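Below: the structure, in structure tokens.
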Amino acid sequence: MKIPAVLHLDIDAFFAAVEETLDPSLRGRPLIVGGLAHERGVVCTASYAARRFGVHSGMALRTAAKKCPQAVFRRGRFHLYSRISRQFFACLRRFSPRVEEMSVDEAYVDVGGSRYLCASVYELAARIKAAAERETGLKISAGLGFTRLGAKLACEAAKPGGLFWLHDEEEFIAQLTLDKIPGVGPQTYFVLQGLGVRRGRELKGKYPAMWRKIFAGLGSGGMERGRPEPASRSFSRETTFPEDIRDQGLLYSHLAYLLDRLAVHLLGEKLFAGRVEVKVRFSDFSTFCQRAALPFPTYSYFHLWQSVLPLLRSLLVKKDLPLRLVGVKVEDLQAGRDILPFFSLRDEKMTAGIGSVKARFGFSSLRSARSLLLEDLYPIEREGMVLKTASLTK
Ligand SMILES: [Mg+2]
Numbered sequence: 002m003k004i005p006a007v008l009h010l011d012i013d014a015f016f017a018a019v020e021e022t023l024d025p026s027l028r029g030r031p032l033i034v035g036g037l038a039h040e041r042g043v044v045c046t047a048s049y050a051a052r053r054f055g056v057h058s059g060m061a062l063r064t065a066a067k068k069c070p071q072a073v074f075r076r077g078r079f080h081l082y083s084r085i086s087r088q089f090f091a092c093l094r095r096f097s098p099r100v101e102e103m104s105v106d107e108a109y110v111d112v113g114g115s116r117y118l119c120a121s122v123y124e125l126a127a128r129i130k131a132a133a134e135r136e137t138g139l140k141i142s143a144g145l146g147f148t149r150l151g152a153k154l155a156c157e158a159a160k161p162g163g164l165f166w167l168h169d170e171e172e173f174i175a176q177l178t179l180d181k182i183p184g185v186g187p188q189t190y191f192v193l194q195g196l197g198v199r200r201g202r203e204l205k206g207k208y209p210a211m212w213r214k215i216f217a218g219l220g221s222g223g224m225e226r227g228r229p230e231p232a233s234r235s236f237s238r239e240t241t242f243p244e245d246i247r248d249q250g251l252l253y254s255h256l257a258y259l260l261d262r263l264a265v266h267l268l269g270e271k272l273f274a275g276r277v278e279v280k281v282r283f284s285d286f287s288t289f290c291q292r293a294a295l296p297f298p299t300y301s302y303f304h305l306w307q308s309v310l311p312l313l314r315s316l317l318v319k320k321d322l323p324l325r326l327v328g329v330k331v332e333d334l335q336a337g338r339d340i341l342p343f344f345s346l347r348d349e350k351m352t353a354g355i356g357s358v359k360a361r362f363g364f365s366s367l368r369s370a371r372s373l374l375l376e377d378l379y380p381i382e383r384e385g386m387v388l389k390t391a392s393l394t395k
């Protein structure tokens, strides 16, 4: 499954909310920050109570006063807002090195590289939101998406104070009216209105080229809108046994050996794997595969093993037959990671250390104990065991 990688956060009615925390008697009342009712200038922030009267930011103060005469007007204490704003961004930076400040109260956070911090990205998003709310003392809306646009729209939908995740960004945008779609400027909106196009769906149907242009980033995912996805690569190793095998220990041994080879190969290519797949073929030639996303991209044999073993176990119960083949594949290969998962560094260092010994003294110079059982089955040579059919596929 594709994992959402962008989190958009936006403090609700920021300036007004700060004023409310300092003067609780203002809570729930229409409050307008930006200047006094008779002054020139515009509304910086209107509380939700004031918005109900049609007041919005950017509106002339006098117009706001006409729309909502009972509102409380405040000039604003901007040094204070900017201090809270700094706390907000500092909090976000603890969770990801890639935070883009869009305004004083709005940011995009790339959570693609930090997703291993929690069991799920959604949980991580909730944690970031909660931490930011605790530290600023303010309510924050958050949206999770595959792209910035998706995250931004999810955040809009989550206001006030919620956390949304758009599972299907295109579908969601298709049902929006054009004025709700970021990327459709006033000019375009005007022209399209004239052409009778009102919603995303109609735009997509009638003017697909324009739709694609406006949403160029939708398909690419992540913070880098428009960046082409690198061609998907994978490495795999599999072997057919000299005789069908039922013994579980022996199957684990084969899998461990193949994975060891893959880990060394990944290391040599300087790549991190994002996903693993295990393949089995039973004696009746029926073949099954199962794949899983890794908690974070890695080349560590030890981490790969932790993900691969449960896959093999779940495949073994598919049929009550011995196996004739086992294989393992690493996919979603990437050249770098945004941040290092610090708690896995030790295991990765060990894999790297083992790899450098193997590079110097041959693959067989250091062997995983898990593959010991194979030593009775296959001859061992410097560069590995001589399996019956060792296949190398990309
Ligand atoms: Mg805001």
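Numbered by my numbering, the letters in the sequence shown go through residues 2 to 395 in order. Glycine is no exception: its CB is placed at the ideal position from the N, C-alpha and C atoms. Owing to the predicted nature of the structure, the values given are computational and were not obtained by experimental measurement.
CB of residue 97 within 7 Å of CB of residue 105, strictly: no
The alpha helix (DSSP H) enclosing residue 31, as first and last residue numbers: Run containing residue 31: none; DSSP gives neither H nor E here.
Cβ contact check for the region 4-24 and the region 138-153: 3 or more pairs under 8 Å: yes
Beta-carbon gap between residue 323 and residue 377 smaller than 7 Å: No, Cβ-Cβ distance for residue 323 and residue 377 is not below 7 Å.
Best match in 318, 272, 304 and 147 for proximity to residue 289 [C-alpha to C-alpha]: 318
Contact check, residue 327 vs residue 266, beta carbons under 7 Å: no
Nearest-angstrom Cα separation, counted from residue 271 out to residue 329: 19 Å
Residue 207 in three-state terms, based on DSSP: helix
Proximity winner among 375, 335 and 147, relative to residue 248 (alpha-carbon distances): 375
Any non-hydrogen atom of ligand 1 closer than 6 Å to residue 96 Cβ: Proximity of the beta carbon of residue 96 to ligand 1 is not indicated: no heavy atom of the ligand is located closer than 6 Å.
One or two residues paired with residue 12 in a DSSP bridge: 141
Residue 90 CB to nearest heavy atom of ligand 1 below 6 Å: no
Expected contact under 8 Å - CB spacing of residue 93 and residue 133 to nearest Å: Yes, they are in contact, since the Cβ atoms of residue 93 and residue 133 sit about 6 Å apart, within 8 Å.
Buried/exposed call for residue 286, threshold 16 Cβ in 10 Å: exposed
Sequence ranges, alpha helix (DSSP H) only - wholly within the region 73-157, length at least 4: 79-94 and 122-137
Collapsed DSSP secondary structure at residue 63 in the structure displayed: helix
Whole-angstrom C-beta distance between residue 325 and residue 284, which should lie under 8 Å: 5 Å
Residue 15 CB to nearest heavy atom of ligand 3 below 6 Å: Looking at this structure, you won't find ligand 3 anywhere; what it does contain is ligand 1.
The region 20-29 touching the region 56-66, judged by at least three CB pairs closer than 8 Å: Segments in contact, no.
Check: residue 180 C-beta below 6 Å from any heavy atom of ligand 1: No, ligand 1 has no heavy atom inside 6 Å of this Cβ.
Residue 85 CB to nearest heavy atom of ligand 1 below 6 Å: Residue 85: no, Cβ never under 6 Å from ligand 1.
Proximity test, residue 408 beta-carbon vs ligand 1 heavy atom, cut-off 6 Å: Residue coverage of the chain in this structure runs from 2 to 395, which leaves residue 408 outside it and unanswerable.
7 Å Cβ shell around residue 207 - same chain, five flanking residues per side excluded: 198
Residue 274 beta carbon less than 7 Å from that of residue 331: yes
Boundaries of the alpha helix (DSSP H) in which residue 346 is found, first to last residue: 346-362
Nearest residue (CA-CA) to residue 371, options 360, 278, 353 and 310: 310
Straight-line Cα distance separating residue 201 from residue 214: 13 Å
Beta-carbon proximity check, residue 281 vs residue 316, cutoff 7 Å: yes
Residue 257: first and last residue of the uninterrupted alpha helix (DSSP H) it sits in: 249-270
Three-way DSSP call (helix, strand, coil) for residue 315 in this model: It is helical.
Buried versus exposed, by CB contacts within 10 Å (16 or more), residue 387: It counts as exposed.
Where residue 148 falls, given that 16 or more other Cβ within 10 Å makes a residue buried: Counting Cβ neighbours within 10 Å, residue 148 comes out buried, since at least 16 surround it.
Other residues of its chain near residue 157: CB distance less than 6 Å, five sequence neighbours each side excluded: none
Proximity of residue 89 and residue 137 at Cβ, strictly below 7 Å: The answer is yes: Cβ separation under 7 Å.
Closer than 6 Å: residue 106 CB and nearest ligand 1 heavy atom: Residue 106 has its Cβ nearer than 6 Å to a heavy atom of ligand 1.
Endpoints, the beta strand (DSSP E) within which residue 41 is located: Note, residue 41: premise wrong, no beta strand (DSSP E); not H, not E.
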